[in-house]
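Position in the sequence shown (first residue = 1) + 448 = this note's numbering. The C-beta atom is built at its ideal place from N, Cα and C for all residues, glycine as well.
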Amino acid sequence: MLEEILLSGFAEYSLPLDDRALERYRLYADALEETNKVMNLTAIEGEDETARLHFLDSAALLRLADFGGKHVIDVGTGAGFPGLALKIARPDISLVLLDSLDKRIGFLRETCEKLGLDDVSCVHARAEEAPKAWRGGFDIAVSRAVARLNVLCELCLPLVKTGGLFIAMKGSEHAEELREAKNAVRLLGGQVEAEKDYLIPGTEVRHSAILIRKIAETPPKYPRRWAQIKKQPL
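This is how it looks when you write it as structure tokens:
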């Protein structure tokens, strides 16, 4: 049962989980299941898999950084992971969910309304075309499995304030991506702070989070247009 899996998993993470959060995770899971029948939101289906591979996978980040009261953006959020799953566990997060597909953003807006979550902006846009007012405006940017790390850095680091954090969620085999992204991290004002592996409770699935600290302002010429980013990654 979803609630039992979450209670056990959060306990294993040594994270609190109250009844209101459990209720919201249930509503979220039901919304995913229902919408997935008519829209390709996620390949992960069923309550057990949703609880573990979406909700607990996302919640793992709460052990790696202090999200309390932070202004957070989830770039390429898809069906809301990890951003919306984090917001349920930490309602004091001020959250922007960003995705390039309007249908997904529509789903997220409806879901946030069902969950009674405020301080969440669901925005249909590409990261490289984000409003200039957002530049350097976020304490934390997160992204899960959207693109290779060098590309993700160019999309995400410009949005993070100096001193803030970019967290890229990756599979356990990420060493090559990290080597490939060294130049991008340096050019964009970042510094790799840590690589954290974690096991999703109740599974044999091991994932990694790469924590990149923003130590200097990103040069104004970044991010470039998508065609250029894709053609000539940093």
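What's the C-alpha gap between residue i and residue j?
i      : j      : result
Ile453 : Gly650 : 8 Å
Leu450 : Asp496 : 6 Å
Ala632 : Asn598 : 6 Å
Tyr670 : Leu636 : 8 Å
Arg511 : Pro667 : 31 Å
Ile536 : Ala578 : 25 Å
Glu481 : Ala533 : 15 Å
Gly531 : Gly524 : 10 Å
Glu576 : Ala469 : 33 Å
Phe586 : Val571 : 15 Å
Leu455 : Asp466 : 9 Å
Cys604 : Leu546 : 11 Å
Pro539 : Phe515 : 10 Å
Ile615 : Lys662 : 11 Å
Leu475 : Ala664 : 41 Å
Ala589 : Met617 : 11 Å
What did DSSP end up calling residue i once you bin it into helix, strand or coil?
i      : result
Gly612 : strand
Gln639 : strand
Ile521 : strand
Gly531 : helix
Leu510 : helix
Asp466 : coil
Asn488 : coil
Glu493 : coil
Assuming residue i contacts residue j under a Cβ cut-off of 8 Å, what Cβ separation, rounded to an integer in Å, is found between them?
i      : j      : result
Phe555 : Ala527 : 7 Å
Thr500 : Ile648 : Sequence inspection shows Arg at residue 500; the Thr mentioned does not correspond to that position. About 6 Å separates the two Cβ atoms, so the contact holds.
His622 : Asp505 : Their Cβ separation, rounded to whole angstroms, is 15 Å, which puts His622 and Asp505 out of contact at 8 Å.
Ile658 : Glu643 : 6 Å
Ile492 : Thr483 : Wrong, their Cβ atoms sit about 13 Å apart, outside the cutoff.
Kindly indicate the opening and closing residues of the alpha helix (DSSP H) around residue i.
i      : result
Ala499 : First-last for Ala499: undefined, no H or E at that position.
Leu682 : Taken as a continuous stretch (DSSP letters only), Leu682 belongs to no alpha helix (DSSP H), as it is neither H nor E.
Ser456 : 450 to 461
With respect to the beta strand (DSSP E) encompassing residue i, which residues constitute its N-terminal and C-terminal limits?
i      : result
Asp540 : Element bounds for Asp540: n/a, residue is neither H nor E.
Is the closest heavy atom of the ligand FMN to the C-beta of residue i under 6 Å?
i      : result
Phe458 : Absent from the structure shown: the ligand FMN. Ligands present: none.
Problem set entry | Uninterrupted alpha helix (DSSP H) stretches inside the stretch 545 to 618 (no shorter than 4 residues) | 550 to 563, 597 to 604
Problem set entry | In chain order, each alpha helix (DSSP H) run of at least 4 residues that lies wholly inside the stretch 617 to 679 | 623 to 628, 630 to 635, 674 to 679
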